[in-house]
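In what follows, a structure is listed as C-alpha cells, so that the remarks can point back to it.
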Amino acid sequence: MTLDPIRSAKMKSTYSGGIESSDLPRLLDASAGFCSDIQVQFSCDTDELGTVIINGHAQGEVSLNCQRCMNEFKQKISVEFCYSPLTAKSTEDDIPDAYEAVDMDENGYIAIVELIEDEFIVSIPFFPMHDVEDCSKEQDFTLGNIDESEAERPNPFAVLQNLKK
Ligand SMILES: [Zn+2]
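Residue numbers (the numbering used here): 1 to 165.
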C-alpha cells in the first residue's frame, strides 16, 4: 500500500483497515517469531498553514522473549503518528515540529506501510519483560538485591551502546 499524500489531503481521505503480517517482514524479524496483522486508522488533511498531514494510529501484537525469565510472551503495541511529506519545495525545516517529516518517492507517494512498521519496531523495548505479576521469575528478582550483590556489574549504558550497533 502506498499513499499519495497531496491528493489524499485534498480529498480529506480517511483509511481504516489492516496490514497483513506477511507485509511486515522487518517487524517479524524484530519479534520473537510472531507478529499479528496491524489495524490502522488515519486521515489525510491540510492544517491551517496548508501543510499536508497524515494523522493516525495503529495497533498490533508481537511476541517477545522476556529478558527476566527468557520465556516468550505477547506484547500489544499501539502507536500514534502524524506525518508530513517533504515535497520538492519544502525541507525538513519547513515542517512544524509537531509533525514527522517523511520522504515521498519520485512519483509523489509515501510508503505508509514501511513507516508504520518502523513505528512498531522502535516501540519494542530494548529489554522486553513480562509484567511482574505474569513473570515466572517474579519471586527471586528485585532490583535492589542485584544492585548490592553485583558490584562489578557492567555499566548499563555500555550494554545499551552495544545493542545499538
Ligand atoms: Zn518473564
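C-beta: ideal position from N, C-alpha, C; glycine also.
#1: Using CA coordinates, which residue listed in Glu114, Asp94, Tyr83 is at the minimum distance from Phe42?
#2: Quick check: the segment 88-95 against the segment 3-19, are there 3 or more CB pairs under 8 Å?
#3: Restricting to runs no shorter than 3 residues, where is the beta strand (DSSP E) found entirely within the segment 46-114?
#4: So the candidates are Ile19, Ser13, Ala32, Tyr15; which of them puts its Cα closest to the Cα of Phe127?
#5: Which same chain residues end up closer than 8 Å to Glu148 when comparing Cβ atoms and leaving out the 5 residues on each side of it in sequence?
#6: Indicate whether the contact test is met: 3 or more Cβ pairs, each with one atom in the segment 21-29 and one in the segment 42-55, closer than 8 Å.
#7: Within 10 angstroms of the Cβ of Gln67, are there 16 or more other Cβ atoms? Answer buried if so, exposed if not.
#8: Would a C-beta distance cut-off of 8 Å place Ser123 and Val79 closer than the cut-off?
#9: How about Met104 and Leu115: do their beta carbons lie closer than 8 Å?
#10: DSSP on Leu3, reduced to helix/strand/coil?
#11: In terms of residue numbering, what span does the beta strand (DSSP E) encompassing Gly18 cover?
#12: From Glu119 to Cys35, what distance separates their C-alpha atoms?
#13: From what residue to what residue does the alpha helix (DSSP H) around Leu27 run?
#14: Distance, Cα to Cα, Gly18 vs Glu117?
#15: Among Val113, Asn65, Ser90, Phe81, whose alpha-carbon lies nearest the alpha-carbon of His130?
#16: Do you know how far the Cα of Val132 is from the Cα of Asn71?
#17: Pick out whichever of Ile38, Val102, Asn55 has its Cα sitting closest to the Cα of Ser90.
Based on what the coordinates show:
#1: The count along the sequence shown starts at 1 and reaches residue 42 at position 42. Ranking the options by Cα distance to Phe42, first place goes to Tyr83.
#2: no
#3: 52-65, 72-86, 100-103
#4: Taking the sequence shown and counting its residues from 1, one reaches residue 127 at position 127. Answer by Cα proximity: Ala32.
#5: Your numbering for residue 148 matches position 148 in the sequence shown. Residue placement at Glu148 is poorly supported in this model, since its pLDDT is 45, which falls under 50; the coordinates are not used for a value here.
#6: no
#7: Here residue 67 refers to the residue found at position 67 of the sequence shown. Burial call: exposed.
#8: Here residue 123 corresponds to residue number 123 of the sequence shown, with the count starting at 1. Here residue 79 corresponds to residue number 79 of the sequence shown, with the count starting at 1. Taking 8 Å as the Cβ cut-off, Ser123 and Val79 qualify as a contacting pair.
#9: What you label residue 104 is simply residue 104 of the sequence shown in a count that begins at 1. What you label residue 115 is simply residue 115 of the sequence shown in a count that begins at 1. It is not a contact, given that the beta carbons lie outside the stated cut-off.
#10: Taking the sequence shown and counting its residues from 1, the one referred to as residue 3 is at position 3. Three-state result, Leu3: strand.
#11: To locate residue 18, count along the sequence shown from 1; it is residue 18. Its beta strand (DSSP E) spans residues 14-19.
#12: The residue you call residue 119 lines up with position 119 of the sequence shown. The residue you call residue 35 lines up with position 35 of the sequence shown. Separation of Glu119 and Cys35 (C-alpha to C-alpha, rounded to the nearest whole angstrom) is 14 Å.
#13: As a position in the sequence shown, residue 27 is number 27, starting the count at 1. Leu27 -> alpha helix (DSSP H) spans 25-30.
#14: Residue 18 sits at position 18 when you count from the first residue of the sequence shown. Residue 117 sits at position 117 when you count from the first residue of the sequence shown. One C-alpha to the other measures close to 12 Å.
#15: Working through the sequence shown from its first residue, we reach residue 130 at position 130. Selected option, being the one with the closest Cα: Asn65.
#16: As a first step, residue 71 is located in the sequence shown; it is residue number 71 there, counting from the start. As a first step, residue 132 is located in the sequence shown; it is residue number 132 there, counting from the start. Roughly 13 Å between the two C-alpha positions.
#17: On the sequence shown, position 90 is the one that residue 90 refers to. The residue with the shortest Cα to Cα distance from Ser90 is Val102.
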